[in-house]
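Below is one structure; the comments refer to it alone.
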Amino acid sequence: MNEEWMKRAVEQALMGIAAGQSPFGATIVKDGKLIAAGHNEVWRRTDPTAHAEVVAIQRAAAVLRTIDLAGCEMYTTCEPCPMCAAAIHWSKIARVYFGAGIADAQEAGFTELTLPAQELYRRGESAVQIVGGVLRAECTALFSAWLGRPDHRVY
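If you count the sequence shown from 1, position 45 lands on 49 in the numbering used here, and the numbers rise without skipping.
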């Protein structure tokens with residue numbers, strides 16, 4: 005685990021907030037090198053699936069020219085929702101590190117499904133490894149920064 009990659013995910017989330025998007029960011033790393041990064045683009049794309057994790061997966065697949073992201077790690081500012089957790093599984097990302105949890109997103113007003121990613125992976129017999137609480141304070145602070153903007157929108 006390298007906290008620098010989570011700091012990059014936080015930077016992505018801040019870019020998204022500045023662009024009127026929701027406060028989520030993600031990076032994908034392979035062999036110690038940044039492959040792709042992204043922030044939530046739900047409002048920009050008018051696409052409810054354009055979560056930071058999905059955007060980062062799309063970009064990584066394009067960079068690597070494959071849908072098989074085996075050997076990659078993801079750093080994401082918030083615990084992946086079930087949709088993102090499934091996309092991570094299907095792309096074969098080996099490990100996910102996240103900062104804020106589902107409850108933090110709910111406190112900010114998001115209508116999160118309360119199924120923890122770890123539980124989804126366990127029940128689905130996925131090989132994805134997941135570690136939470138990485139730079140949690142920095143990641144939860146993103147919600148306050150976003151809520152402080154008059155243009156913030158919840159979905």
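Note that CB positions come from ideal geometry on N, CA and C, so glycine has one too.
Worksheet item: Tell me the DSSP bridge mates of K1?
Response: Nothing can be reported for residue 1: it is not among the residues displayed for the chain, which extend from 5 to 159.
Discussion item. Taking the straight line between their C-alpha atoms, what separation do you get for Q110 and R69?
Written reply: The straight-line gap separating the alpha-carbon atoms of Q110 and R69 is approximately 35 Å.
Worksheet entry | Closest residue to P158 among L73, E45, Q122 (Cα-Cα distance) | As written in the sequence, residue 158 is Val, which differs from the Pro given in the question. A check of alpha carbon separations from V158 across L73, E45, Q122 identifies E45 as the nearest.
Worksheet item: Between the segment 101-108 and the segment 73-81, are three or more C-beta pairs nearer than 8 Å?
Response: By the Cβ rule, the segment 101-108 counts as touching the segment 73-81, because three or more pairs are nearer than 8 Å.
Worksheet entry | Whole-Å CB distance - K96 paired with A65, under 8 Å assumed | Actually they are not in contact, since the Cβ atoms of K96 and A65 sit about 11 Å apart, beyond 8 Å.
Practice prompt. Within the segment 90-146, note down every full beta strand (DSSP E) run reaching 3 residues or more, in order along the chain.
Written response: Complete beta strand (DSSP E) runs here, min 3: 99-104, 133-135.
Discussion item. Once the 5 residues before and after M19 are set aside, which same chain residues still bring their CB inside 8 Å of it?
Written reply: Result list for M19: G29, H43, in chain order.
Worksheet item: Distance, Cα to Cα, L117 vs V67?
Response: In a straight line, the C-alpha of L117 is about 31 Å away from that of V67.
Practice prompt. Report the partner residues of H43 according to the DSSP bridge assignment.
Written response: Looking at the DSSP assignment, H43 forms a beta bridge with G29.
Worksheet item: Skipping 5 residues on each side, what residues in its chain have a beta carbon closer than 6 Å to that of W9?
Response: Within the same chain, W9 has close Cβ partners T31, V33, Y79.
Discussion item. Threshold first: 4 residues or longer. Then list the alpha helix (DSSP H) segments lying entirely within the segment 43-89, N to C.
Written reply: As far as the segment 43-89 is concerned, its whole alpha helix (DSSP H) runs of at least 4 residues are 46-49, 56-68.
Worksheet item: Within 10 angstroms of its Cβ, does S148 collect 16 or more other Cβ (buried), or is it exposed?
Response: With a 10 Å radius around the Cβ and a threshold of 16 neighbouring Cβ atoms, S148 comes out exposed.
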